[in-house]
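Residue numbers for the sequence shown follow the working numbering, beginning at 10 and rising by one.
For reference, the structure discussed in these notes is given below.
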Amino acid sequence: MSEITWDPEADRRIRRSPFLMRRFIRKRIEDRVRSRGRNHVTEADVDESANMYRQYRFK
């Protein structure tokens, strides 16, 4: 399994989510990216997840 890399802006936005949820959210995004055959997380991926986890702030 290849390592997932993050765009700096996507990573910055995830760091703004609540600390206790950050690992969970990050893993979910990375799993979705992997399932699509990719290994790089973009802001678009964070946007898509923000719609799913609306109660957590990513922006």
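Ideal Cβ positions, reconstructed from N, Cα and C, are used throughout, including at glycine.
{"Item": "Under 8 Å between C-beta atoms of S58 and R37", "Value": "yes"}
{"Item": "Contact check, R43 vs I13, beta carbons under 8 Å", "Value": "yes"}
{"Item": "CB-CB length for R41 against D54, believed under 8 Å", "Value": "7 Å"}
{"Item": "Exposure label - Y11; buried when at least 16 CB within 10 Å", "Value": "The sequence as given places Ser at residue 11; Tyr does not occur at that position. Counting Cβ neighbours within 10 Å, S11 comes out exposed, since fewer than 16 surround it."}
{"Item": "Delimiting residues of the alpha helix (DSSP H) encompassing D16", "Value": "Counting along the chain, D16 falls outside any alpha helix (DSSP H), and DSSP gives it neither H nor E."}
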